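Remarks on the structure that follows.
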Ligand code: MEV
């Protein structure tokens, strides 16, 4: 018997980092990329095959400690002692702010429940995935995993009930991978440090990021792409101020804006990873994507907001 689990990536539209400090964030599932996990019961010792590690699960502590714990906890939850093999196939570039680590976790848990033919609720999935996310990121807000589990546009605020947003927007998001690894854990720690070293300025930026997320909710509800783009670009400036952008990302944002993007910003943990830009038509979206590739982006995707 075989168990299969699939899951998409995610894009944070607004509110990354600020969400860690209790501000609202808006994120979307990113269906252009994803992960497939295949689980089987085997006779020999449990093993795993993935981009990051291939070998015995027992020896995976250094390379994939979060996934190792996740598999152990999931099997414990399912009350299973079987030896298993897991194959994880991904086209989400890792460490680029597109939710690769949360998506791996979601697909692994889904595949194990599918293998043993046990129904899986979102609550249980969320609890199990948090085991791995906590090891990967230390105190994550839960935004990444929630977006990937829900597969809907979410308005996420720590400690508040999750809300779903209806994006009936005829716009295009251009996602560009800088090719540089982002380090979410370090970026989050950097903001924490800036909060201590320069509390007034950092807190002001975090507050502004929260306000911009709230403004973006109205933009989405009213389908106002011009206003949403402007709020995105303003958010990028505050993300620069709290120390999570870098020259590569700033240059890609500038390039997108020069090519008539309605707005652009980094997405996810920053200090590497991806940017997103907004356009209201496919011709501009293609021009923007080409210009970003010309400036060194390693990959671009054009995501029609109506696809979600
Ligand atoms: C990472 O994708 C998003 C951050 O806001 C961290 C988090 O929410 O835990 C940077």
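Residue numbers (our numbering): 758 to 1065. Ideal Cβ positions, reconstructed from N, Cα and C, are used throughout, including at glycine. Every value quoted in this text rests on a predicted model; they were computed, and no experiment measured them.
May I ask you to list the residues that DSSP assigns as paired with residue 1031?
934, 1024
Check whether the region 867 to 885 and the region 1050 to 1062 touch, using three or more Cβ-Cβ pairs below 8 Å as the test.
Touching, no, given that fewer than three Cβ pairs across the two stretches are closer than 8 Å.
Compare the Cα-Cα distances from residue 898 to each of 927, 774, 817 and report the closest residue.
Relative to the Cα of residue 898, the nearest Cα in the group 927, 774, 817 belongs to 774.
Which value, in whole angstroms, describes the spacing of the CA atoms of residue 796 and residue 947?
Just so you know, the alpha carbons of residue 796 and residue 947 end up roughly 38 Å apart.
Taking 6 Å as the line, does the beta carbon of residue 990 fall inside it for any heavy atom of the ligand MEV?
A distance criterion of 6 Å places the beta-carbon of residue 990 beyond contact range of the ligand MEV, judged by its closest non-hydrogen atom.
Cα-Cα, which of 831, 855, 910 is closest to residue 872?
831
Can you tell me which residues form a DSSP beta bridge with residue 767?
786
For the structure I just gave you, are there three or more beta carbon pairs, one from the region 1026 to 1046 and one from the region 905 to 922, closer than 8 Å?
no
Local Cβ density within 10 Å of residue 993, reported as buried at 16 or more and exposed below that
buried
For the putative contact between residue 900 and residue 782, defined by C-beta atoms under 8 Å, what is the C-beta separation to the nearest angstrom?
5 Å
Where residue 842 falls: helix, strand or coil (DSSP):
DSSP places residue 842 within a strand segment (E or B) once states are collapsed to three.
Who pairs with residue 1057 in a beta bridge, going by DSSP?
933
Is any heavy atom in the ligand MEV found nearer than 6 Å to the beta carbon of residue 948?
no
Cβ neighbours of residue 935 in the same chain (closer than 8 Å, five flanking residues each side left out)
853, 1005, 1006, 1009, 1029, 1030, 1031, 1032, 1053, 1054, 1055
Can you name the start and end residues of the alpha helix (DSSP H) that residue 1009 belongs to?
1004 to 1015
For a minimum of 3 consecutive residues, which ranges assigned as the beta strand (DSSP E) are wholly contained in the region 815 to 881?
840 to 847
From the DSSP output, in three-state form, read off residue 759 for me.
strand
Got a sec? Which residues, its chain only, sit under 6 Å from residue 943 by beta carbon, not counting five neighbours each side?
none
Determine the contact status of residue 995 and residue 962, defining contact as a CB-CB distance below 7 Å.
yes
So is the beta-carbon of residue 941 under 6 Å away from any non-hydrogen atom of the ligand MEV?
yes
Sorry if obvious, but does the Cβ on residue 893 come closer than 6 Å to a heavy atom of the ligand MEV?
no
Is residue 921 helix, strand or coil when you go by DSSP?
strand
Can you tell me whether residue 857 sits near the ligand MEV, meaning its C-beta is under 6 Å from at least one heavy atom of the ligand?
no
Is it right to say residue 801 is buried, meaning 16 or more other beta carbons lie within 10 angstroms of its own, or is it exposed?
exposed
Have a look at residue 840 and residue 812 and give me their C-alpha separation to the nearest angstrom.
Spanning the two alpha carbons is a distance of roughly 13 Å.
Taking C-alpha atoms, which residue in 772, 1062, 1002, 765 lies nearest to residue 908?
765
Kindly list the residues whose CB is nearer than 6 Å to the CB of residue 1026, restricted to its own chain and excluding five residues on each side of it in sequence; keep chain order.
854, 939, 941, 944
Per-residue DSSP class, three states only, for residue 796
Residue state, collapsed to three classes: strand.
If you measure between the beta carbons of residue 1035 and residue 928, is that distance less than 7 Å?
Yes; because the gap between Cβ atoms is below 7 Å, this pair is in contact.
Assigned exposure category for residue 951 - 16 Cβ within 10 Å defines buried:
buried
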